[in-house]
Structure formats: structure tokens, C-alpha cells
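Asks:
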Amino acid sequence: MTTNKKHIAIFGSTGSIGTQALEVIASNSDLFEVYAITAGNNVDLLIRQARKFQPEIVVIANELLYPKLKEELSDLPIKTYSGAEAIAQVAAMETVDIVLTAMVGFSGLLPTINAAKAGKRIALANKETLVVAGELINDLCHKYGASIIPVDSEHSAIFQCLTGEGDNAIEKLILTASGGPFRTYNWSDLGNVTPAQALKHPNWDMGAKITIDSASMMNKGFEVIEAKWLFGVDIEQIDVIVHPQSIIHSMVQFSDGSIKAQMGLPDMKLPIQYAFTYPDRLQTNFPRFDFSLYPHLTFEKPDMERFRNLAFSYYAISKGGNMPCILNAANEIVVSAFLKEKISFLEMSDIIEKVMDKASFISNPAYEDYLKTDYEVRLLTEEFV
Numbered sequence: 215m216t217t218n219k220k221h222i223a224i225f226g227s228t229g230s231i232g233t234q235a236l237e238v239i240a241s242n243s244d245l246f247e248v249y250a251i252t253a254g255n256n257v258d259l260l261i262r263q264a265r266k267f268q269p270e271i272v273v274i275a276n277e278l279l280y281p282k283l284k285e286e287l288s289d290l291p292i293k294t295y296s297g298a299e300a301i302a303q304v305a306a307m308e309t310v311d312i313v314l315t316a317m318v319g320f321s322g323l324l325p326t327i328n329a330a331k332a333g334k335r336i337a338l339a340n341k342e343t344l345v346v347a348g349e350l351i352n353d354l355c356h357k358y359g360a361s362i363i364p365v366d367s368e369h370s371a372i373f374q375c376l377t378g379e380g381d382n383a384i385e386k387l388i389l390t391a392s393g394g395p396f397r398t399y400n401w402s403d404l405g406n407v408t409p410a411q412a413l414k415h416p417n418w419d420m421g422a423k424i425t426i427d428s429a430s431m432m433n434k435g436f437e438v439i440e441a442k443w444l445f446g447v448d449i450e451q452i453d454v455i456v457h458p459q460s461i462i463h464s465m466v467q468f469s470d471g472s473i474k475a476q477m478g479l480p481d482m483k484l485p486i487q488y489a490f491t492y493p494d495r496l497q498t499n500f501p502r503f504d505f506s507l508y509p510h511l512t513f514e515k516p517d518m519e520r521f522r523n524l525a526f527s528y529y530a531i532s533k534g535g536n537m538p539c540i541l542n543a544a545n546e547i548v549v550s551a552f553l554k555e556k557i558s559f560l561e562m563s564d565i566i567e568k569v570m571d572k573a574s575f576i577s578n579p580a581y582e583d584y585l586k587t588d589y590e591v592r593l594l595t596e597e598f599v
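When we follow this note's numbering, the leftmost residue of the sequence shown carries the number 215, and every step to the right adds one.
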């Protein structure tokens, strides 16, 4: 491999963020090189990606799929591995310059910890990592000199608004939310929502888990928690505003009352590329926003009675300790159950509330406590399902 290009490891290369990251790299092959790619279960796409990009290392998390991966790539000089431990080890490799964590859920925590300990630039697209263990990740980044550049469109927007502001005091972070596909639904309508309806997001093309989280507004709740850790503000300084057009990606209000917003058409390739190139901006051929085509940009308060997951998130981060970890683990189980049509859309929040009330609270958790909490809460949630 050449040494003048940035070597990028993509954790979750077969998902929505991962596939778009590979497009960004392919468009800037003079600057970036794919060093490693990993996937959970989608071995067929992983094999196709490996044959196209020819990385040094390919890892499949599901060890049962490893024989197929190894066999299909046996004619290429690619090292193949399997299992969560192998993925975590790749994150710390000296030859990796940038780690893109785009894995879904709790599985992204250990690779991010290893990347932080290795002092890497972490392009963070796995919001659950900071939801579950934000304090731990921040401490590791500070200790080992790692940096986090957020890839979520909302956090990338805030990051861009803060660039160049130095120590100017933040009064408020304003996260925008599309409101999802059910923004105008009443309570009875929400009770009859199907997984197929919930998977149709009005503005963004994302994976199944994050699309359901967006429909239930859990995704926005997680972003509130993530923003606290990324930008070092109190929870009272983070507002959510529903902006159905998804043109303003988020805003920062400063102590003098002025507000900076980052705007553009919904396209995840832009924040992905910015995380790779920061502080530089590269010329792109992405579609441009035309104000004349959007004469009305609208804003409204989120309804936390209909979309209780957002309220749960504010409660969880205010409570602190392992409560956000409890929230995340319960949510992963109920989303899976909803997608399998075992529970209704509204039952997801009902079950999460019961689990948060019943699960064991730990005020000052260590890494092992997060693992134990995650395991126990999943079992508890399955009982309620």
C-alpha cells in the first residue's frame, strides 16, 4: 500500500454510511485508501467490496460466515478474519490513519475504545457509543490524544458551526429533526403503524435500525445525549426543533444571541467527506441547494407526549450513570421486535419505560459495568417483549 494516502478503516462497510464512505473514497482515490473493511452479517456485499477496493484486511463479525469470506477472497492477497475481537484489534493498528465507526448499536463501543487508546482520528457515525459510554470515550480521547469528528449530519453541522469560534461561549445547541414519517399522526394512528411504513423516511436513506429510531424519535434523543459529550454542554443547553424539510442540519446559538446554522441538501456523503478531510474542504459535484426551490422552511416544537423516546433520552442523560446504556439496550431489543412484528410501534416506548424503571442503576459505571448492564437489560427487555 502507498504511504502518502490516508489509510481508512471502515467498521460497518456494508451499511448505509459505510457504502457511502466507500463512494467518497472512490471519488478521492488520490487522497484516501481503504485499509480495512468490516461487516456484521452481509458477507456477499463485503466480498464484492473487498474485490473492488482490495484492502489489506477484511473482517466479518459473524464467525459462521468466515469460511465463505475466506474462500471467496482466497485468490487475493487480503488478510481475512472473523469475530468482534478482530474488529476491535483493527481499530488500533498503527497503519490506520482514520477509523470510521459506522457499526450499528452497542457493537461499536469496543472498536471506538481501541481507536481512542491508539490516538486515532475517529470519524464517528455510531451514536450509541457516546450514548452508552460518552464519559469514558471522552476521557480516553483526552488521555491518548485521539480526536472525534462527528459524521451524523446534525453533529457535523454543529461541529462546522463551531469551527473558528475559539472559546466563544455556547448558549444553546439546536438540533433539527425531520419529525420522521409520523410527525402528523395522532395517538390512534401511531398504534396501527407497520414496520413497512416506519421504514419509509421522508428525507434520508438509512439502515433499518436508524430509520425506525428516526420514526420513534429515539434517534433524536440519542443525538441529544451524543451532543452533550461531543460539545461539553449541559443538557439544559440542548434544544430539539422539528424542521420537516431537513435543509438546516443544526444550529448553534452563542452568548451574544447570534445563531449560526449549517445548511444543505440531505446528503450523508458531505459530512463523511468532511470528517475525512477536516479542516480542509474538497471540491465536490454533490447537488447544490437552491433557495428558490424551498420558499418555506418551517419549524415546530417536538411532541414529547406522542414521541416519548425523546423525553426518555433527556431523562436518561440527566440521571446519568448507566441509565443511557439501559435506554440503548432496551431500544435495540424493542426495535428488533417491532421489525419482526412481535410488538406494536407504541409498545416500543411502553416496554422501554418499564425497563428503565426496573433495571439496576449504577451511578459511576466502569467499562465492565456497561457490558454487564447491556447483557442484563437485553434479557429483561426480551421478557417484556
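By construction, the Cβ of each residue, glycine as well, lies at the ideal position given by its N, Cα and C atoms.
How long is the line joining the alpha carbons of P291 and A253, rounded to whole angstroms?
Replies: 19 angstroms
Asks: Rounded to the nearest angstrom, what separates F598 and V248 at their Cα positions?
Replies: 43 angstroms
Asks: Who are the near neighbours of L479 in its chain, counting only those whose CB is closer than 6 angstroms to its CB and skipping five residues on each side?
Replies: P501 and F503
Asks: Can you check the stretch 245-273 for any beta strand (DSSP E) of at least 3 residues that lies completely inside it and give the ranges in chain order?
Replies: Counting whole runs of 3 or more residues, the stretch 245-273 contains the beta strand (DSSP E) stretches 246-253.
Asks: Are the beta-carbon atoms of C539 and Y584 separated by less than 7 angstroms?
Replies: yes
Asks: How many Å lie between S558 and G405 at the Cα?
Replies: For S558 and G405, the distance between alpha carbons rounds to 7 angstroms.
Asks: Mapping the DSSP letters down to three states, classify V365 as helix, strand or coil.
Replies: coil
Asks: Between which residues of its own chain and G614 is the CB-CB distance below 6 angstroms, once the five residues before and five after are set aside?
Replies: Any property of residue 614 remains undetermined from this structure, which presents the chain solely from 215 to 599.
Asks: So, I531 versus I426, is the Cβ gap smaller than 7 angstroms?
Replies: Not closer than 7 angstroms, so no.
Asks: Which word fits D366, buried or exposed, when buried means at least 16 other C-beta atoms lie within 10 angstroms of its C-beta?
Replies: buried
Asks: Beta-carbon within less than 6 angstroms of I261's beta-carbon, same chain only, minus the 5 sequence neighbours each way: which residues are those?
Replies: E286
Asks: With a cut-off of 8 angstroms on the beta carbons, I'd call N340 and M432 a contact; round off their distance for me.
Replies: N340 to M432, Cβ: 15 angstroms. No contact.
Asks: Look up K595 in the DSSP assignment and say whether it is helix, strand or coil.
Replies: According to the sequence provided, residue 595 is Thr. The question's Lys does not apply to it. Three-state DSSP puts T595 in a helix.
Asks: Considering A223, what are the terminal residues of the beta strand (DSSP E) in which it resides?
Replies: Unbroken beta strand (DSSP E) run through A223: K220 to F225.
Asks: In the stretch 315-348, which residue ranges form an unbroken beta strand (DSSP E) of at least 3 residues, counting only runs that do not cross its ends?
Replies: 335-338
Asks: Examine the ligand ZN and report whether any of its heavy atoms sits within less than 6 angstroms of the Cβ of P509.
Replies: The ligand ZN is absent from the structure shown, which contains no ligand whatsoever.
Asks: Taking contact to mean at least 3 C-beta pairs separated by less than 8 angstroms, is the stretch 376-385 in contact with the stretch 464-484?
Replies: Touching, per the Cβ criterion.
Asks: For the alpha helix (DSSP H) that S230 lies in, which residues bound it at each end?
Replies: Run containing S230: S230 to S241, per the alpha helix (DSSP H) assignment.
Asks: Let me know if L266 comes out buried or exposed under the rule of 16 or more other beta-carbons within 10 Å of its beta-carbon.
Replies: In the sequence as presented, Leu is not what sits at residue 266; that position holds Lys. K266 should be labelled exposed.
Asks: For G229, count the other beta carbons within 10 Å of its own beta carbon; 16 or more makes it buried, fewer makes it exposed. Which is it?
Replies: buried
Asks: With DSSP as the reference, label A360 as helix, strand or coil.
Replies: coil
Asks: Let me confirm a value: K423 is counted as buried when at least 16 other C-beta atoms fall within 10 Å, else exposed. Which label applies?
Replies: buried
Asks: So, using beta-carbon positions, are H369 and V310 closer together than 7 angstroms?
Replies: no
Asks: Express the C-alpha separation of F521 and Q234 in angstroms, rounding to a whole number.
Replies: 30 angstroms
Asks: What is the C-beta distance between F320 and E342, in whole angstroms, given that I count them as a contact (C-beta under 8 angstroms)?
Replies: 6 angstroms
Asks: From M482 to A223, what distance separates their C-alpha atoms?
Replies: M482 and A223 have their C-alpha atoms spaced approximately 18 angstroms apart.
Asks: Considering only the beta carbon of each residue, do V238 and I486 sit closer than 7 angstroms?
Replies: yes
Asks: Rounded to the nearest angstrom, what separates T216 and Q263 at their Cα positions?
Replies: With a pLDDT of 46 at T216, under the threshold of 50, the modelled position of that residue is not reliable, and no figure is offered here.
Asks: Do the stretch 397-404 and the stretch 488-501 meet, that is, are 3 or more Cβ pairs less than 8 angstroms apart?
Replies: no
Asks: Can you check the stretch 406-493 for any alpha helix (DSSP H) of at least 4 residues that lies completely inside it and give the ranges in chain order?
Replies: 409-412, 422-430, 432-445 and 483-491
Asks: Distance, Cα to Cα, L350 vs Y581?
Replies: Approximately 8 angstroms between the Cα atoms of the pair.
Asks: Within the same chain, show all residues whose beta-carbon is closer than 8 angstroms to that of N545, passing over the 5 residues directly before and after it, in chain order.
Replies: D427, M432, N523, M562 and I566
Asks: Using CA atoms only, rank isn't needed, just tell me which of K414, N256, N352 and N499 is closest to W443.
Replies: Answer by Cα proximity: N352.
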